[in-house]
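What follows is a set of notes on a single structure, which appears directly below.
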């Protein structure tokens, strides 16, 4: 999994293959946007941290991005983090939107160099900023939390500087040997796919993590050794999670390789709503259905057919239905976003160039299976396969796509009761122009695949040495069906011989 799009206040950071861009809109003029490219380390000291003396062309490929607007007693500072394929995490500080003088001075400097770089043991596939509470009157300590493919969640310090580090400034980052990191928690023998830090209305903090083994874990923060519970229900890897940012709204939404999307209360660890998977569409489905209906009508009209033949055909149909009810028949949802008050969610799926928006409503009294349910509000057709989504407000959503569009924004139009695209938005135009100027090529998907085209997050079921071979022809249900079919065949032969 890759985390390619994040927002915070008037800051957006996106990953376009091996290029990371931060876009800042000024508070005074939302129609204007400044683009900053977050360039990887290039100096000798930084190269030692990155270990890229002999790197491949893909070493700079971005795995995850994160951003946060930090308000201190002195000023407001915007920070970004970028995780790359070479197992490094780099931190960046941007010119403050509140410091107009600083903004004017650095407006022409579009490249920003990292202020710190950290070396990790495994690739970090998801990032999240958090603030460790301090004493009264203290702003607390800012940290960047990284979840990696080994199942570990590690925290690194964020030393906020008053000024941003542009490419023309004196080079040099904090070496890995001089930094401090802390292992917060771990998912044993699993791969992490998501991490979120939330604060409720009572200022209690939690960290929510998801993994390849269908689990979503809710832990206390910063005392992460206290496990408050698990959100269990998925039957395949959890591909993405998101939480409502409004304090007092304890809603978490998740999507999985089993095709489902689920809504949770992360305080009580209760499942609130379930959205079943969307079946893959086949161009020939309609023709096949019509042919099957005609064939069934002709067969029903033929009264001379044997009961044994009918049983055989019914058994074959049951086998085909059971084969089609696996996870491969569903579009895999790999991205989900929930708005701040937890009333709407957006879902994107692998192999589908559309986005579905659902409204969360209370279930009827007749439906006692769940407290809430998802009602489809709108399906938005995108220019290309979406690669990332994010609600920026309750009425606006960003969609990251392939070239040459890169970023789309849809805003809610009350007169039409629909989300309508705003193609003239400064953020979209600024990112598009920056990416086109560097001829950035986007990946086909954020789900990594192996040499055979299989999704890496799908677990390979290993059979123990003593287990029998479970090939299709040794399946017990198939053997039973074949045995009954052979018995009916022998019976027909005997009856035919008696007639002669």
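In full-length UniProt numbering, the protein residues as written are 1 to 500.
Yeah, the Cβ is synthetic: ideal placement off N, Cα and C, and Gly gets one too.
Please read all numbers here as calculations on a predicted model, not as lab measurements.
Worksheet item: Helix, strand or coil for residue 328 per DSSP?
Response: Taking the chain shown and counting its residues from 1, one reaches residue 328 at position 328. Helix at residue 328.
Worksheet item: Residue range of the beta strand (DSSP E) that residue 396 falls in?
Response: Locating residue 396 in the chain shown gives position 396, where the first residue counts as 1. Looking at the DSSP string, the run of the beta strand (DSSP E) that includes residue 396 is 396–400.
Worksheet item: CB-CB under 6 angstroms to residue 342, same chain, minus the five flanking residues each way: which ones, in chain order?
Response: On the chain shown, residue 342 is found 342 positions in, with the first residue counted as 1. If we look at residue 342 and ignore the five residues flanking it on each side, its Cβ neighbours are 244, 249, 251.
Discussion item. Out of 225, 451, 192, 226, which one is the CA nearest neighbour of residue 240?
Written reply: Mapped onto the chain shown, residue 240 falls at position 240. Comparing alpha-carbon positions, the option among 225, 451, 192, 226 lying closest to residue 240 turns out to be 192.
Worksheet item: Are the stretch 81–97 and the stretch 182–191 in contact at 8 angstroms, needing three or more beta carbon pairs?
Response: Contact between the stretch 81–97 and the stretch 182–191 is absent: fewer than 3 CB-CB pairs across the two stretches fall below 8 angstroms.
Worksheet item: Can you give the Cα-Cα distance for residue 502 and residue 269, rounded to whole angstroms?
Response: In this structure the chain extends from 1 to 500, so residue 502 is not present and cannot be described.
Discussion item. In whole angstroms, give me the CA-to-CA distance for residue 391 and residue 356.
Written reply: As a first step, residue 391 must be located in the chain shown, where it is residue number 391. As a first step, residue 356 must be located in the chain shown, where it is residue number 356. Each residue's alpha carbon lies about 13 angstroms from the other.
Worksheet entry | Contact check, residue 77 vs residue 67, beta carbons under 8 angstroms | Here residue 77 refers to the residue found at position 77 of the chain shown. Here residue 67 refers to the residue found at position 67 of the chain shown. Their beta carbons are not under 8 angstroms apart, which means residue 77 does not touch residue 67 by this criterion.
Worksheet item: Are the stretch 198–212 and the stretch 4–16 touching by the rule of at least three beta carbon pairs closer than 8 angstroms?
Response: Counting Cβ pairs under 8 angstroms, fewer than three are found: no touch.
Fill in: Three-state secondary structure (DSSP) of residue 502
An answer regarding residue 502 cannot be provided, because it is not within the stretch 1 to 500 covered by the chain.
Worksheet item: Short check: CB of residue 91 to CB of residue 145, under 8 angstroms?
Response: Reading the chain shown from its first residue, position 91 is the one you call residue 91. Reading the chain shown from its first residue, position 145 is the one you call residue 145. The criterion of a C-beta distance shorter than 8 angstroms is not satisfied by residue 91 and residue 145.
Worksheet item: Should the stretch 403–420 be called in touch with the stretch 34–43, which here means at least 3 C-beta pairs below 8 angstroms?
Response: Between the stretch 403–420 and the stretch 34–43 there are fewer than three inter-stretch CB-CB distances shorter than 8 angstroms, so the stretches are not counted as touching.
Worksheet item: Ordered along the chain, which non-local residues of its own chain (more than five positions away) have a Cβ less than 7 angstroms from that of residue 188?
Response: As a position in the chain shown, residue 188 is number 188, starting the count at 1. Counting only Cβ-Cβ distances below 7 angstroms, and skipping sequence neighbours, we find 151.
Worksheet item: Run through DSSP, which three-state label would residue 186 get?
Response: Translated into positions along the chain shown, residue 186 becomes position 186. It is a strand residue.
Item to complete: Under the assumption that residue 384 contacts residue 402 (Cβ atoms under 8 angstroms), give the Cβ distance between them as a whole number of angstroms.
Response: Here residue 384 corresponds to residue number 384 of the chain shown, with the count starting at 1. Here residue 402 corresponds to residue number 402 of the chain shown, with the count starting at 1. Under the criterion of beta carbons closer than 8 angstroms, residue 384 and residue 402 qualify as touching, at roughly 4 angstroms.
Discussion item. Which of the three DSSP states is assigned to residue 404 in this structure?
Written reply: Here residue 404 refers to the residue found at position 404 when the chain shown is read from its first residue. Under the three-state reduction of DSSP, residue 404 is assigned to coil, being neither helix nor strand.
Worksheet item: With distances taken between CB atoms, is the gap from residue 400 to residue 85 smaller than 8 angstroms?
Response: Locating residue 400 in the chain shown gives position 400, counting from the first residue. Locating residue 85 in the chain shown gives position 85, counting from the first residue. A distance of 8 angstroms or more separates the beta carbons of residue 400 and residue 85.
Worksheet item: Helix or strand or just coil, what does DSSP make of residue 143?
Response: Translated into positions along the chain shown, residue 143 becomes position 143. In the structure shown, residue 143 falls within a strand segment according to DSSP collapsed to helix, strand and coil.
Item to complete: Just grab the DSSP bridge partners of residue 275 for me.
Response: Taking the first residue of the chain shown as position 1, residue 275 is located at position 275. Per the DSSP secondary-structure output, residue 275 pairs in a beta bridge with 261.
Worksheet item: Considering only C-alpha positions, which residue in the set 194, 19, 457 is nearest to residue 441?
Response: On the chain shown, residue 441 is found 441 positions in, with the first residue counted as 1. Nearest option by C-alpha distance: 19.
Worksheet item: How is the beta strand (DSSP E) around residue 344 delimited, first residue to last?
Response: The residue given as residue 344 occupies position 344 in the chain shown. Run containing residue 344: 344–349, per the beta strand (DSSP E) assignment.
Worksheet item: Just checking my contact of residue 87 with residue 120 at CB under 8 angstroms: how many whole Å lie between their CB atoms?
Response: The sequence position of residue 87 within the chain shown is 87, counting from 1. The sequence position of residue 120 within the chain shown is 120, counting from 1. Confirmed, about 5 angstroms.
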